[in-house]
Structures are given as C-alpha cells and as structure tokens.
Amino acid sequence: MNHSETITIECTINGMPFQLHAAPGTPLSELLREQGLLSVKQGCCVGECGACTVLVDGTAIDSCLYLAAWAEGKEIRTLEGEAKGGKLSHVQQAYAKSGAVQCGFVRLA
1 MNHSETITIE
11 CTINGMPFQL
21 HAAPGTPLSE
31 LLREQGLLSV
41 KQGCCVGECG
51 ACTVLVDGTA
61 IDSCLYLAAW
71 AEGKEIRTLE
81 GEAKGGKLSH
91 VQQAYAKSGA
101 VQCGFVRLA
C-alpha cells in the first residue's frame, strides 16, 4: 500500500495518544492488532462472536465492523488498557488465573 492510499487517524488508545495510518476500509480490529493489542481477537468478522469487542468513547462495539477511520478523535480501550499502575485489573487477574481468553461470551462492558 503506498502512502497516497492511506488516511491518518488520530485517537487515544488505552490513555495514550496515537497517530496511525490505514487504508480507508481497514477495520479497527486490524489496526489495533497491528499496534500489538492482541486481546482484540479476529473471530467471525461479521459482528456475531464478540471476540473483537472494545470500548469506543465508553460504548462496547464490535471492532471488526467499525472502520478505523471512524476512530478519529475517539477514546479506545482494550483489555490491555485495564491495568493500572503496572498492576493487573480484577478482570485481567481472573483471565490469567483461569486461563481464559476473551470471546463472545465474556464481552467488555
């Protein structure tokens, strides 16, 4: 992809400002995974399984259906963003203790 085929997206991810580049039709899930945010799973890619759920301005969305371009100026939170002060959140601790993975049954809310 050459630079003329990309758009610039400025957003906040897990409290950190980002300036990202993506093709216009790129789903947010793909862009987040490219940033190393692997809690954002790519499951069904049609918005049914919930494995790609993230919070955008506090609202849970299926990031496989949400275009990265729509994230302009938004606050995005993933499971990685739940840690505070270098410590795991209660949700992260429970995931680690049980060996769980994020899926459609356990959605961020």
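Residue numbers (full-length UniProt numbering): 1 to 109. C-beta: ideal position from N, C-alpha, C; glycine also.
- Spanning the alpha carbons of E48 and I76 requires a straight line of approximately 20 angstroms.
- Counting only runs of at least 4 residues, the UniProt domain "2Fe-2S ferredoxin-type" (7-82) fully encloses the following alpha helix (DSSP H) elements, listed from N- to C-terminal order: 28-34.
- Nearest to G15 by C-alpha distance, out of G43, D62, D57, is D57.
- S63 and S29 do touch by the CB rule: their CB atoms are close to 4 angstroms apart, below 8 angstroms.
- If you draw a straight line from the Cα of P27 to the Cα of A69, it comes to about 8 angstroms.
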